[in-house]
Structure formats: C-alpha cells, structure tokens
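Okay, so here's the structure we're looking at.
Chains as they are written, first to last, in this note's numbering: chain C, 1 to 410; chain A, 1001 to 1410.
See the structure below:
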C-alpha cells in the first residue's frame, strides 16, 4: 500500500505550505557557506543566555512539581496576569479572561481560522502578507483575497472596493488579517489615521480584524516612535479586534510562547479548540518566560534589540546603496526585520533565487507573500539574524547574482 | 457587540470539550483539601530534576544560538535520529523520514484528524476511549462510532458488526483510533492474538489505525511482560498504522514532546499541516528531551516508574478492597495509571461526583469516555499522581461519598 490519497480529507488534499518554512528547509539542507536573508529569525547573540540559565536553574529544583506537569489549556496563570500588565503598556486594557497563551502566535492564527472561518469564507489579507497567515487560513479552506498596500499601509479605498466586489459575488467576508507594525514582508507601518478609519470600517462592514503584532516593540527610533505603533486593539471599543503577539522576537522563538487577546466569549472557544490541538503550551517555557517578564529581562532587552536591528538595517541599506541602488528599489523600514525590495524590469524573484543560491545567498521570493499570483518583481531580505559582516557579504553576493541574471538575459 | 455566534465556523459552533481538561479546571479552582483521582498526571516526585537542571544548564550557555531559535517543523534532527533507536527497542523499524515530533501526542491525534478525516466520516473508537481523542476527531466533524471492549481489549466481532452496519448506511469508515496498552480509561491490555487479527482486519476492510501508545513502557511486571505490549506498528507490514507516543508519561508532560511514526508520504502532509498550526514544537524542550534520551536518563527512569506506579496500584486496590469491595467492581490494571470501576446498581457517575466533591475527592465520570451516551455506571480513578497516603485518604472519602448517595436514595 503506497497511495494514501483516498484517505485524505479535503484539508489534507489541499494543504498549503508556508513558503518561509520551505525556505528554512532549503537553507538547513544547503551545503557550504550560505548567507541567509530568508527566515525572519531574531539574532541569537542577544538572547539573554545568562539570565535564562539562572531562571531555569531556579525553576528546576523540584520544589514545585507543577513546573513540569500538565497545566491549564488557557495558560500559566501568573503569566496571564503578567500579560495584563504587558498589554497595559500598549494601552490595551483587558482582564486575564480575555487572554489565552498560544504555542507561538502561529497557533493564534490557526485557532482563529478554525473557530471562525468556514470553507469558502473570504478572508481579506494584505498584498503581500505573512506566509504563515496565508497557510493557516488556506488550511481551513478559506478564500484569501488581497488588498493593496500604500506607503502608509493598507489601501482603505481598495479595501472597500474589494469588500463590495466580494459581497456582490455573494461571498461571506468574515475577517481581515493584518500586521499593522513593520509588516511582514514589507516592513510598512500603518498610519495612525488609517488605524482609526480601519476600525470604523470594520464596524460599518461587520468584519472582525485579526491583528498580528510580533514586531511592534522593535521600532527604530530615528524614524518611528512608540506612539506610531499603537495597536488597533487599543482603540477597539466594539470588540472587533483579535490581538496576537509573541515573545519570539523580544525574547526567543524557541519557547513557542505567544498570546491572543480577544473577547472573553471567543477566548472560551479558542480554549476549547486548543484542548484538542495540544492540550497546553509548554509549561517550563511559560514559566521561564514569566520569570523573564517578572525580573525585567524582557523590558531591559527591548532597547538593545531596537538598537541592534536598527544598526543592521543601516548596514544592509548602506550595502544595498553601494552595490545595488541602480537596480533595486526599496522603502527604508522603520522597524522590524525586513527590507522589501523591487527588482529591475525583466528580473523575477524565482529566476534570481537560483542564481543567488549559486552565489551563496538566499532570500524569500516576494511572490510567496501574494495571494493573487503577483509579486514576482519583489524579494524579502531579512537583516535580523546575520552579523553586519555577513550582511555586507550577502549583499555583495546578491549583486553578483543579479549581474549573472543580467548577463544571461543579454 | 456581544454576540459572536454569526462569526463562528461549523467547527467553532460545535467545539467539543475534553472532559478530562474540564475536570482539570474544576480541580484547579476547587478550594480546600481535595484528593484528585481525576487527570492522569504522572507523579512529579519522579521527574529527574537534578539531571534536567544539569542538562538545561549545559544547553543554555549561548555557545549554540539555535538552542532557542526557530527550528524545523519536522523536529530537532538528533531527537528524530534518537527516536529511531527508541522505536527499534519496541521492534518498530522506521527511518527518520517516517517520523515527526508533535507538541504532545495530542497534536499527533489532531494532525491525523485534520489531514485524514472529512466532515461526516466515521471514526471508530473503543467504548470507552480517551476524551482527548474524542475531542480531536469531533472537532473535525467526524462521526464517532464506538466498538465494545472485552477483558482482553477490543471486541473484534463487534468491530466487524459495526463496520458492516456503517457501510450499509453508506458511511465512509476511514480509521480506527485505539490505545492497545493499558488503555485510557479502562487500563486494559489488548491481547497479542487480537493484535494480529486486528491488523488483518484493517487490511481486509481498508482501514487505517491510529495507535496511541503513551503507557506501553509502564507495564506492571507482576502481571504483564514487555512482550505483551508489542505495538501494532511492529507487525504492520501494509502501512496501516500511524503510531503515536510521547515523553509525557516517561519523562515529564511539561515539555510537550510527543511523536508520530507513519508512512513517509503521510508524514510529509502532517509536516505541512503542522507548519500552519505552530510552526515547530518547543526547541529547548526537544533538546532537553534529546539529552535525557542520549544520557540514558529516560532508560534509567523506566524501571523506577514501573515500580512506583505498581506500588500505587496496589495501594489503591488494597484500599478499595477494604472499604468498597462490596460496592465497586473493577479489573486489576496490568499497567498504566487507571483503575476503571463499575458503580453499584442505581448509582450514577455524575450524581456521585457531586457528593465526592463535597467529601473532598474527585475522579472523572465514566460516561465522559463513551461516545454512545452510556457508561454512567462507571468512574475512572487515576492512582498515578497522589501519594500512597493520599490514595488511601481519597478512597476513604470516596467510600463516604458512596454511602451518602445510598443514604439519600433510601
């Protein structure tokens, strides 16, 4: 028996792979010296190793058996209580029963997709958007429909146009998935004025918003202020916004500790859905993260992360200006992990990728982030993980790869 | 806006709660002194605290940044390679590409459900069976149909009868979910002879088997041998069996590290499905577990766990014999965590539970494990977590609760 196709569900038949995850596999398997601008990995040199080692030693004494026991699906209560404070600092006022710990914010997207989206429902997403969001919604058989972006984020006129069009086609438009802060992949920041108008629009059109905010605290203070990263959820008087965030970028992703803030009645359902998904998120992980919050490790780290990623952005932009300013165009990111670049006419993200791999550098193809088949003239370059020297080396290789494609086209 | 019902998917509308998880919440919220025979928690006094503290300190030096970074969805490669050896010891011969790490074996059930089960498909389960399995299959809108059990496990005649009936009703019967070793909740052991016949039956009827084996290594050597726990997967020549297991009972559940062994083409699909679910299981957790396997911590622990749980079984059975042998009946478990008891005529699991809580003891109602609405004359008593003294105290309280119900009925 080799063919299992007849056993597959409709979901199993049409599984949608995350392009970033696939790229991670390519990178992991690549031989030799490769500069990776592909996955949005945080810089592991800034993981607070000493503090985490100390915290973990203090947790694993055996004095409290529950440290390694099963725990509540909703999450470790002291961490939930601490998150109330973390969210207060972002001007989001919730009680602990409006929160759930998720196994990374990816699980938050998945829970929202499973509990809210019926097969055939339309989910609106940005053009382009995070591939993990695309995969989660596609894997509940949603129809993903893209909305254009402008320099200050989502194009609200296009949003209304798209909504009208889908409604005329008798589609159920249930929710909008959006990353307002230093968007993945574009690095864009949604303007405050648009945030207010978007909330009004969601109320008028009876739409829920899934707000994914992994990068909000990683603003670059030469060009952005914390006020500009104000979450949609902070002004959500009508309970329209499901707010997702994570400790993956601000502490370390290996813990898989994210969270969702949403109306209590929905949190109840996400809790029930999570029970049959993984029972509970990692217990030791939650306790380590809680201690890192409580002891101020996370707060002390934030300014250092902002400074480091800002410096890396500068290094990448400087290198791009020196060797590629005649061929690539990009908007300088105001925070986050990514430079989103447009290729010169005639070049495509996929053709360039083959050459780039030959030259020892890798990125994520821009088209992977578009749900409408477009974007082949774009690439996403993550500057977060490589060292400054490696960034410079990688850009130099990228320039050589671009030249190689040009030569070939002549 | 307070009513989100119109936003719910069919799945979100009909979410099925795990009775054990719900009971966990009841216990966590209960005030005062409560003996819990409810959730199947391992005894935390046998978690190898010193070794785990040492392992974790050795991992968190910062020498290897990937220790807290994102990792491959399939799992930490050295752990996958080590699992090949773990499975060899159970006479299961697989290569690493037939394995995936899951966030607890609960995620293995969930992935199997999502990838394989279409809404309306019949999933066959034991009467009674694990509530987490029930919830995962119900949450993909499966129809769960129960098959009777006998003293030596699944009733194969009833299995055929049920299959015939469902086929006559034009149902698609896709898979059987079964816990052959020290079943949850009954503690039963499927006989070797039945294991062989079950595999033949699955081939004849073109059914996949999801074999859930969390307790296999926890046999009690006064009444069971390791040979009797031989997994179905060990004799699965036709690729019918998806084998799930976990380190939750043999090391600690807080790590959320389980795994699935299945045909490589299905593992590919589970990998893709897992990408959009949680990207990856906890990275630090996987490394800790790997080190615990590599250093022999898991192997050295196993005989101590078997001895401890056997002793606790003896304590519980002795206490039950002394104060409840005239009212409860049960089969002595040959391994695992549970005594499955039948109540005297006229008593029900739910009525008794209210009294039991008043008397400071809690269990899981038997009916929660039945998909056909029956089982109200049964209760599941976990002896795994409480100390021997607390087991004796709990049984004494249970006897008092039973007497109180009897008094009331007079």
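All residues carry an ideal CB built from backbone N, CA and C; glycine is no exception.
Report task. Answer yes if the stretch 1042-1054 of chain A comes into contact with the stretch 205-214 of chain C, meaning at least three C-beta pairs across the two stretches below 8 Å, and no otherwise. Result -> no
Query - residue 1037 of chain A versus A:1181, A:1400, A:1101 and A:1384, residue with shortest Cα-Cα distance - result: Within the second chain, residue 1037 of chain A is the residue found at index 37, counting from 1. Nearest C-alpha to residue 1037 of chain A: A:1384.
Query raised in the report: According to DSSP, is residue 1334 of chain A helix, strand or coil?
Result: As a working note, residue 1334 of chain A is residue 334 in the second chain. Of the three classes helix, strand and coil, the one that applies to residue 1334 of chain A here is coil, per DSSP.
Query raised in the report: Listing by chain order, which chain A residues have their CB less than 7 Å from the CB of residue 41 of chain C?
Result: As a position in the first chain, residue 41 of chain C is number 41, starting the count at 1. Within 7 Å Cβ-Cβ: 1069 and 1070.
Query raised in the report: Taking Cβ-Cβ distances shorter than 7 Å, what residues in chain C pair up with residue 1117 of chain A?
Result: On the second chain, residue 1117 of chain A is found 117 positions in, with the first residue counted as 1. Correct list: 9.
Requested in this report: Taking all protein chains shown into account, decide if residue 1048 of chain A is buried (16 or more other Cβ within 10 angstroms of its Cβ) or exposed.
Outcome: Position 48 of the second chain holds residue 1048 of chain A. Counting Cβ neighbours within 10 Å, residue 1048 of chain A comes out buried, since at least 16 surround it.
Query raised in the report: Can you tell which of C:378, C:395 and C:15 has its C-alpha closest to the C-alpha of residue 127 of chain C?
Result: Locating residue 127 of chain C in the first chain gives position 127, counting from the first residue. Ranking the options by Cα distance to residue 127 of chain C, first place goes to C:378.
Query raised in the report: Among A:1090, A:1205 and A:1136, which has the Cα closest to the Cα of residue 1240 of chain A?
Result: By 1-based counting over the second chain, the position of residue 1240 of chain A is 240. Closest by alpha carbon: A:1205.
**Report entry** Complete alpha helix (DSSP H) runs within the stretch 1123-1164 of chain A (minimum length 4 residues, chain order)
**Finding:** 1131-1138
Report task. Give a yes or no on whether 9 Å exceeds the smallest Cβ distance from residue 1269 of chain A to chain C. Result -> Numbered from its first residue, the second chain carries residue 1269 of chain A at position 269. So, interface residue.
**Report entry** Own chain residues within Cβ distance below 8 Å of residue 67 of chain C, not counting five before or after
**Finding:** As a working note, residue 67 of chain C is residue 67 in the first chain. 59, 60, 283, 284 and 287, listed in sequence order.
Query raised in the report: Near residue 1391 of chain A, which residues of its chain fall below 7 Å by C-beta distance, leaving aside the five closest residues on each side in sequence?
Result: Taking the first residue of the second chain as 1, we reach residue 1391 of chain A at position 391. Here the set comprises 1312, 1315, 1316, 1319 and 1383.
Query raised in the report: Would you call residue 246 of chain C buried or exposed, if buried means 16 or more other Cβ atoms sit within 10 Å of its Cβ?
Result: Against the first chain, residue 246 of chain C aligns to sequence position 246. When all chains shown are included, residue 246 of chain C counts as buried.
Requested in this report: May I have a chain-ordered list of the beta strand (DSSP E) segments no shorter than 3 residues that lie completely inside the stretch 233-279 of chain C?
Outcome: 241-246 and 257-261
Report task. Quick one: list the residues of chain C neighbouring residue 1018 of chain A, beta-carbon separation under 7 Å, in chain order. Result -> Taking the second chain and counting its residues from 1, one reaches residue 1018 of chain A at position 18. Per Cβ cutoff of 7 Å: 275 and 276.
Query raised in the report: Do residue 1369 of chain A and residue 1102 of chain A have their C-beta atoms closer together than 9 Å?
Result: Within the second chain, residue 1369 of chain A is the residue found at index 369, counting from 1. Within the second chain, residue 1102 of chain A is the residue found at index 102, counting from 1. Cβ atoms of residue 1369 of chain A and residue 1102 of chain A: not closer than 9 Å.
Query raised in the report: Is the Cβ of residue 1150 of chain A closer than 9 Å to any Cβ of chain C?
Result: Within the second chain, residue 1150 of chain A is the residue found at index 150, counting from 1. No, residue 1150 of chain A does not count as interfacial toward chain C.
Requested in this report: Find out if the Cβ-Cβ distance for the pair residue 1304 of chain A, residue 9 of chain C is shorter than 9 Å.
Outcome: Position 304 of the second chain holds residue 1304 of chain A. Position 9 of the first chain holds residue 9 of chain C. No.
Query raised in the report: Can the beta-carbon of residue 1153 of chain A be found less than 9 Å from the beta-carbon of residue 1183 of chain A?
Result: Position 153 of the second chain, counted from the first residue, corresponds to residue 1153 of chain A. Position 183 of the second chain, counted from the first residue, corresponds to residue 1183 of chain A. Yes, they are a contact pair.
**Report entry** Per DSSP, cross-strand counterpart(s) of residue 342 of chain C
**Finding:** The count along the first chain starts at 1 and reaches residue 342 of chain C at position 342. Answer by DSSP bridge pairing, in chain order: C:329 and C:378.
Report task. Mind listing the chain C neighbours of residue 1468 of chain A? Cutoff is C-beta to C-beta under 7 Å, in chain order. Result -> Limits of chain A in this structure are 1001 at one end and 1410 at the other, which puts residue 1468 of chain A out of reach.
Query - Selection from A:1011, A:1280 and A:1218 that minimises the alpha carbon distance to residue 253 of chain C - result: As a first step, residue 253 of chain C is located in the first chain; it is residue number 253 there, counting from the start. Comparing Cα positions, the closest option is A:1280.
Query - Own chain partners of residue 1056 of chain A with C-beta closer than 7 Å, once the 5 adjacent residues on each side are dropped - result: Taking the second chain and counting its residues from 1, one reaches residue 1056 of chain A at position 56. Around residue 1056 of chain A: 1288.
Requested in this report: Pull up the distance between the alpha-carbon of residue 1358 of chain A and that of residue 1144 of chain A, whole angstroms please.
Outcome: Indexing the second chain from 1 puts residue 1358 of chain A at position 358. Indexing the second chain from 1 puts residue 1144 of chain A at position 144. So the two alpha carbons sit approximately 34 Å from each other.
Requested in this report: Closer than 8 Å by C-beta to residue 413 of chain C: which residues in its own chain qualify, once you throw out the five before and the five after it? Chain order, please.
Outcome: Outside the displayed range of chain C (1 to 410) lies residue 413 of chain C, so it cannot be described from this structure.
**Report entry** For residue 1312 of chain A, three-class secondary structure by DSSP
**Finding:** To locate residue 1312 of chain A, count along the second chain from 1; it is residue 312. In this structure, residue 1312 of chain A counts as helix in the three-state DSSP scheme.
Query raised in the report: Closest to residue 257 of chain C by CA distance: which of C:214, C:26 and C:397 is it?
Result: Translated into the one-based positions of the first chain, residue 257 of chain C becomes position 257. Measuring from the Cα of residue 257 of chain C, the nearest candidate turns out to be C:214.
Query raised in the report: Tell me, which residues are paired with residue 288 of chain C by DSSP?
Result: On the first chain, residue 288 of chain C is found 288 positions in, with the first residue counted as 1. Bridge partners of residue 288 of chain C: none, in fact.
Query raised in the report: Helix, strand or coil: how does DSSP classify residue 1045 of chain A here?
Result: As a first step, residue 1045 of chain A must be located in the second chain, where it is residue number 45. Helix, per DSSP.
**Report entry** Own chain, CB closer than 6 Å to residue 119 of chain C, minus 5 neighbours either side, in chain order
**Finding:** Here residue 119 of chain C corresponds to residue number 119 of the first chain, with the count starting at 1. Result list for residue 119 of chain C: 141, in chain order.
Query raised in the report: Is the beta carbon of residue 1192 of chain A less than 9 Å from the beta carbon of residue 1178 of chain A?
Result: Along the second chain, one-based indexing puts residue 1192 of chain A at 192. Along the second chain, one-based indexing puts residue 1178 of chain A at 178. No, they are not a contact pair.
Requested in this report: Only counting runs of 4 or more residues, tell me where the alpha helix (DSSP H) segments fall wholly within the stretch 69-120 of chain C, in order along the chain.
Outcome: 77-88 and 104-116
Query raised in the report: What residues of chain A sit near residue 4 of chain C, judged by a beta carbon separation below 7 Å?
Result: Mapped onto the first chain, residue 4 of chain C falls at position 4. Per Cβ cutoff of 7 Å: 1263, 1265 and 1266.
Report task. Have a look at the DSSP bridge pairing and note the partners of residue 298 of chain C. Result -> As a position in the first chain, residue 298 of chain C is number 298, starting the count at 1. Looking at the DSSP assignment, residue 298 of chain C forms no beta bridge with any residue, so it has no partner.
Query - CA-to-CA distance, residue 1270 of chain A to residue 11 of chain C, given in whole angstroms - result: As a first step, residue 11 of chain C is located in the first chain; it is residue number 11 there, counting from the start. As a first step, residue 1270 of chain A is located in the second chain; it is residue number 270 there, counting from the start. Spanning the two alpha carbons is a distance of roughly 11 Å.
Requested in this report: Output yes if chain A places a C-beta closer than 9 Å to the C-beta of residue 387 of chain C; else output no.
Outcome: Locating residue 387 of chain C in the first chain gives position 387, counting from the first residue. With 9 Å as the cut-off, residue 387 of chain C does not count as an interface residue toward chain A.
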